[in-house]
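Data first, discussion second: the structure below is written as structure tokens.
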Amino acid sequence: MIAAFAPASVSNVGCGFDVLGFALDSPGDIVIAEAADIDGVEIMAIEGDGGRLPREAHRNTASAAVLALLT
């Protein structure tokens with residue numbers, strides 16, 4: 003199992019536009035990935051979204067990079 007934390011950021015800093023920003027300690031996203039015996043991507047849980055984000059991998063932008071890597 004592998005876990006990664008991606009902090010939220012605020013602001014575009016000067017001439018850096020969308021490249022530079024200020025990272026926050028929280029909020030942020032935590033992703034936990036583990037190998038499985040089946041093919042594909044499964045989103046097991048999403049917390050703190052009030053049920054607004056889709057758990058279907060093909061409809062959730064968070065899984066787009068993983069799906070591209072696996073195909």
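Offset between the sequence shown (1-based) and the numbering used here: plus 2.
All C-beta atoms in this analysis are idealised placements derived from N, C-alpha and C, irrespective of residue type, glycine included.
Here the structure is a predicted model, which means the values were calculated and not measured.
Rounded to a whole number of angstroms, what is the C-alpha to C-alpha distance between residue i and residue j?
i     : j     : result
Ile48 : Gly18 : 31 Å
Leu69 : Asp41 : 11 Å
Pro29 : Ala38 : 29 Å
Leu55 : Val15 : 29 Å
Leu72 : Ala64 : 14 Å
I'd like the span of the beta strand (DSSP E) that includes residue i, first residue to last.
i     : result
Val12 : 4-12
Please confirm whether residue i and residue j have their CB atoms less than 8 Å apart.
i     : j     : result
Ala59 : Glu36 : no
Val12 : Leu22 : no
Ala1  : Asp31 : Residue 1 falls outside the range modelled here, since the chain spans only 3 to 73, and no answer is possible.
Got a sec, what are the start and stop residues for the alpha helix (DSSP H) residue i sits in?
i     : result
Ala35 : Unbroken run through Ala35 is the beta strand (DSSP E), 24-35; no alpha helix (DSSP H).
Val68 : 66-72
Using only alpha-carbon positions, find the residue among the options that is nearest to residue i.
i     : options                    : result
Ala67 : Ala10, Val33, Asp20, Phe24 : Val33
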